[in-house]
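Chains as they are written, first to last, in full-length UniProt numbering: chain S, 1 to 324; chain W, 1 to 324.
Protein chains: 2
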Amino acid sequence: MKITIIGAAGMIGRKLAERIAQTGAIGGQTVDAMTLVDVVAPDVATDFTGQRVSYAADLTEAGVAAKLVADKPDVIVHLAAIVSGEAEADMDKGYRVNLDGTRALLEAIAGVPDYCPRVIYASSLAVFGAPFPTKISDDFNLTPLTSYGTQKAMGELLLNDYSRRGILDGVGIRFPTICIRPGKPNKAASGFFSGILREPLNGQEAILPVDDDVRHWFASPRAAVGYIEHAAMMDTAPLGAQRCMTMPGVSATVAEQIEALRAVAGDEAVALIRREPDATIASIVAGWPRDFDTVRALETGFRAENSFEEIIRIYLEDEMGQSA
Amino acid sequence: MKITIIGAAGMIGRKLAERIAQTGAIGGQTVDAMTLVDVVAPDVATDFTGQRVSYAADLTEAGVAAKLVADKPDVIVHLAAIVSGEAEADMDKGYRVNLDGTRALLEAIAGVPDYCPRVIYASSLAVFGAPFPTKISDDFNLTPLTSYGTQKAMGELLLNDYSRRGILDGVGIRFPTICIRPGKPNKAASGFFSGILREPLNGQEAILPVDDDVRHWFASPRAAVGYIEHAAMMDTAPLGAQRCMTMPGVSATVAEQIEALRAVAGDEAVALIRREPDATIASIVAGWPRDFDTVRALETGFRAENSFEEIIRIYLEDEMGQSA
């Protein structure tokens, strides 16, 4: 089968491509050809033994979407997006990339005769806005409070409608906050959730800008790739008309993150966390969801970690070369 | 103040324009200028004593939206839409008019400096899809099962985001099924809800294609105009980020409709209803909502009828010239 990954240069896209290169398959199905696309040519999965094509392309440019679907990939993974902060700062760009880009892809698929690919759409918890119940259920209303969340919610509605019409066979994945993100600290408001673990595990100081009782929803990068692998080959019939789901994850407080770090890496790692309250970050994070009841995703076979310790051990295995 | 009505040739647009012509005001505010636009030039409210402009224009054509907002109307009522059946039959046209047309209007408003008009957006119960609880609450999820409902839900999300950003001050109105629609029978699946009352009131036979226990959500054309009048001048602060609401109405079964007809017009009117079951219509209507708990709309001042008898008496007053 043929798979095309749009947004393949991002963290999840890279890991997905590398996983496919490593296993030669997705969801148990052999992958013969893999096309990797991003606004910069993705330089990953070069050891893939099947046919591998990689190029730079922007979904929002005329003709690009049609080119992407011309060879009828069986599975299309659509990860390309402008992130939350940039979509808020540049409204036009956010709508152009996150809404028009997605729609261009779906319209291009509609234009190919006798074709109904599996389309995996990266959505976000940002489709939900406060006020929240303690635990957010699968039928919680779409109430985005950012332009990014609005665009992702509109994409979900499109995915549902195009699936209902039989133009494509969509699965929408609302990713938890991915933790521990590998690499350098970034400026995202959520960055500290990874930073307070990643930096100490690498012997460096990390800053904690919020209170220890802040709670949020997490999964590992490995779980994120796992969602896509499952979505690629799952039976979509049980999803009915509602194709988009919040993914399972681990609800944890900052205090629980820190205790998991202590269990895995000891007091000396925890001592590297420096508390430096930041009212701005605290107020942003206060509007984020804390916990979910992901019955639909669990019943249809999606899995994540069971504890924050497991999330940390996955980082040690996947990013620091420690054996399981 | 200046008001612009887009979709002014439709049933609700005409009645709204005529009401403004009659009272010279909306929501207690004097209307100095009224612009009426539709794909055919609206020929209504010709007795309006203020400045009245009427022309044919299509929001989906380049430059039209910018022209509509160039004179900075204080209130814009956006009623223009492709209806459900046509949006399902012609997918491109539905998305072009219902989604792109709405977006063009909002974008044009964003392009006018120092401008933040009240925008009243006609949404629909079609943003909701089965399975339903017995009574649908204000926080029921957006689960459209038609392209029309998808487009209206996407428009709601846009209205919320553009309002949150301070580009406009939106109010989204999800209309109940309007009953009794004046005029001739039409081919809409919902047509019989008006037909079984309107035709007998005019001494004609009507066909009832569904069972007597079918329940649905109704309001009169007068109530529909009333929602817009209220939305034009209401305080939107209590709405917060969620600008779209299901409007109050009357939940009634077909049997209750018929008993109301009997109370108002007697047995001879009821005898004109002929039962002719239609499995296709019955199955479409089976997927429709039956009852709503419209707390938000009621708390923010929207009103409708309190009984089906009242709905019938309004038809007699407004369409058959009977005095109250």
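Even for Gly, the Cβ is constructed at its ideal location relative to N, Cα and C.
Helix, strand or coil: how does DSSP classify L105(S) here?
Translated into positions along the first sequence, residue 105(S) becomes position 105. Helix at L105(S).
Could you name the residues of chain S that S147(W) contacts, counting a contact when the two beta carbons are closer than 7 Å?
Numbered from its first residue, the second sequence carries residue 147(W) at position 147. By Cβ distance, chain S contributes D161.
Evaluate the contact criterion for the segment 271-281 of chain W versus the segment 224-234 of chain W: three or more CB pairs, one atom per stretch, below 8 Å.
Because the criterion of three Cβ pairs below 8 Å is not met, the segment 271-281 of chain W and the segment 224-234 of chain W do not touch.
Taking only beta-carbon atoms, is P144(W) less than 8 Å away from chain S?
Within the second sequence, numbered from 1, the residue matching residue 144(W) stands at position 144. Chain S, which has a Cβ nearer than 8 Å to the Cβ of P144(W), makes this yes.
Just the chain A side, please: which residues come within less than 8 Å of M154(S) by C-beta, in chain order?
This model lacks chain A altogether; the protein chains it does include are S and W.
If you reduce the DSSP assignment to three classes, tell me which class I180(S) lands in.
Along the first sequence, read from residue 1 onward, the residue named residue 180(S) stands at position 180. Looking at I180(S) - three-state DSSP - the assignment turns out to be coil, as it is neither helix nor strand.
Can you determine whether any heavy atom of the ligand SAM sits closer than 7 Å to the C-beta of A304(S), and answer yes or no?
The ligand content of the structure shown is nil, which means the ligand SAM is not present either.
Listing by chain order, which chain W residues have their CB less than 8 Å from the CB of R164(S)?
The residue given as residue 164(S) occupies position 164 in the first sequence. Simply L145.
Output, in chain order, the set of chain W residues within a Cβ distance shorter than 7 Å of A236(S).
Position 236 of the first sequence, counted from the first residue, corresponds to residue 236(S). One point to set straight first is that residue 236(S) is Thr, not Ala, in the sequence displayed. Ordered by position in chain W, no residue passes the 7 Å Cβ test against T236(S), which lies about 16 Å from the chain.
Which value, in whole angstroms, describes the spacing of the CA atoms of P113(S) and M91(W)?
One-based indexing of the first sequence puts residue 113(S) at position 113. One-based indexing of the second sequence puts residue 91(W) at position 91. In a straight line, the C-alpha of P113(S) is about 16 Å away from that of M91(W).
Our contact map puts P176(S) next to A219(S) with C-beta atoms below 8 Å; I'd like the distance itself, whole angstroms only.
Counting from one through the first sequence, the residue named residue 176(S) turns up at place 176. Counting from one through the first sequence, the residue named residue 219(S) turns up at place 219. P176(S) to A219(S), Cβ: 4 Å. Contact.
Residues in its own chain within less than 8 Å of L208(S) by CB, not counting five upstream and five downstream?
For the purposes of this step, residue 208(S) is identified with residue 208 of the first sequence, where counting begins at 1. If we look at L208(S) and ignore the five residues flanking it on each side, its Cβ neighbours are F192, I196, V254, I273, R274, R275 and E276.
In chain order, what residues of the same chain lie with their CB nearer than 6 Å to the CB of E88(W), ignoring the 5 residues before and after it?
Taking the first residue of the second sequence as position 1, residue 88(W) is located at position 88. Closer than 6 Å at the Cβ level, and outside the excluded window around E88(W), lie T146 and S147.
Have a look at V31(S) and L298(W) and give me their C-alpha separation to the nearest angstrom.
For the purposes of this step, residue 31(S) is taken as residue 31 along the first sequence, with counting starting at 1. For the purposes of this step, residue 298(W) is taken as residue 298 along the second sequence, with counting starting at 1. Computed Cα separation, rounded: 56 Å.
Around the C-beta of M320(S), are 16 or more other C-beta atoms found within 10 angstroms, so that it is buried, or is it exposed?
Counted from its first residue, the first sequence places residue 320(S) at position 320. Looking at its Cβ environment, which holds fewer than 16 other Cβ atoms inside 10 Å, M320(S) is exposed.
In chain order, what residues of the segment 113-130 of chain W put their CB closer than 7 Å to some CB of chain S?
Cβ contacts with chain S: G129.
Tell me whether the beta-carbon of L157(W) lies closer than 8 Å to the beta-carbon of P133(S).
Position 157 of the second sequence holds residue 157(W). Position 133 of the first sequence holds residue 133(S). The answer is no: Cβ separation not under 8 Å.
If the cut is a Cβ gap below 9 Å, which residues of chain W does F140(S) touch?
Working through the first sequence from its first residue, we reach residue 140(S) at position 140. Neighbours of F140(S) on chain W, chain order: D139 and N141.
Whole angstroms is fine: what's the gap from Q22(S)'s alpha carbon to V64(S)'s?
Position 22 of the first sequence, counted from the start, is the residue given in the question as residue 22(S). Position 64 of the first sequence, counted from the start, is the residue given in the question as residue 64(S). So the alpha carbons of these two residues sit roughly 28 Å apart.
Just the Cα atoms here: how many angstroms apart are I178(W) and K67(W)?
Taking the second sequence and counting its residues from 1, the one referred to as residue 178(W) is at position 178. Taking the second sequence and counting its residues from 1, the one referred to as residue 67(W) is at position 67. Answer to the nearest angstrom: the Cα atoms are 31 Å apart.
Please report how far the alpha carbon of A122(S) lies from the alpha carbon of I173(W), in whole angstroms.
For the purposes of this step, residue 122(S) is taken as the residue at position 122 of the first sequence. For the purposes of this step, residue 173(W) is taken as the residue at position 173 of the second sequence. So the alpha carbons of these two residues sit roughly 30 Å apart.
Under 8 Å Cβ-Cβ, which residues of chain S neighbour A108(W)?
For the purposes of this step, residue 108(W) is taken as residue 108 along the second sequence, with counting starting at 1. The premise fails here: A108(W) is roughly 14 Å from chain S at the closest Cβ pair, so nothing lies under 8 Å.
Of all Cβ atoms in chain W, is any one closer than 8 Å to the Cβ of T102(S)?
Position 102 of the first sequence, counted from the first residue, corresponds to residue 102(S). So, not an interface residue.
For Q29(S), which three-state DSSP category applies?
Here residue 29(S) refers to the residue found at position 29 when the first sequence is read from its first residue. Residue state, collapsed to three classes: strand.
Taking the straight line between their C-alpha atoms, what separation do you get for A188(S) and G240(W)?
On the first sequence, position 188 is the one that residue 188(S) refers to. On the second sequence, position 240 is the one that residue 240(W) refers to. For A188(S) and G240(W), the distance between alpha carbons rounds to 26 Å.
Mind checking if Q257(W) is an interface residue toward chain S, Cβ cutoff 8 Å exclusive?
If you number the second sequence from 1, residue 257(W) lands on position 257. False, the Cβ-Cβ gap to chain S never drops below 8 Å.
Under the DSSP definition of a beta bridge, which residues are partnered with K2(S)?
Reading the first sequence from its first residue, position 2 is the one you call residue 2(S). Its beta-bridge partners are A33(S).
Just mark P131(S) as buried or exposed, buried being the case when its beta carbon has 16 or more other beta carbons within 10 Å.
Mapped onto the first sequence, residue 131(S) falls at position 131. Answer is exposed; the Cβ neighbour count stays below 16.
Roughly how many whole angstroms lie between the Cα atoms of I5(S) and W288(S)?
Here residue 5(S) refers to the residue found at position 5 of the first sequence. Here residue 288(S) refers to the residue found at position 288 of the first sequence. Cα to Cα, the separation comes out at about 29 Å.
Please report how far the alpha carbon of residue 337(S) lies from the alpha carbon of A45(S), in whole angstroms.
No statement about residue 337(S) is possible, as the shown extent of chain S runs from 1 to 324 and does not include it.
Run through the segment 213-278 of chain W for me and flag every whole alpha helix (DSSP H) of 4 or more residues, listed as ranges in chain order.
221-233, 254-265 and 267-270, all fully within the segment 213-278 of chain W.
Does chain W have any CB closer than 8 Å to the CB of T280(S)?
Position 280 of the first sequence holds residue 280(S). Answer no: the Cβ-Cβ gap between T280(S) and chain W never drops below 8 Å.
Report all residues from its chain with a CB closer than 6 Å to the CB of M245(W); omit the five preceding and five following residues, and keep chain order.
Taking the second sequence and counting its residues from 1, one reaches residue 245(W) at position 245. The residues are R296 and A297.
Between which two residues does the beta strand (DSSP E) harbouring Q204(W) extend?
Translated into the one-based positions of the second sequence, residue 204(W) becomes position 204. Premise fails: Q204(W) is in no beta strand (DSSP E) and is neither H nor E.
Is T150(S) close to chain W, meaning its C-beta is less than 8 Å from at least one C-beta of that chain?
Along the first sequence, read from residue 1 onward, the residue named residue 150(S) stands at position 150. So yes, T150(S) belongs to the interface.
Judging by CA-CA distance, which residue of Q29(S), G28(S), T102(S) and A9(S) is the nearest neighbour of T35(S)?
Along the first sequence, one-based indexing puts residue 35(S) at 35. Checking every option, the nearest Cα to that of T35(S) belongs to A9(S).
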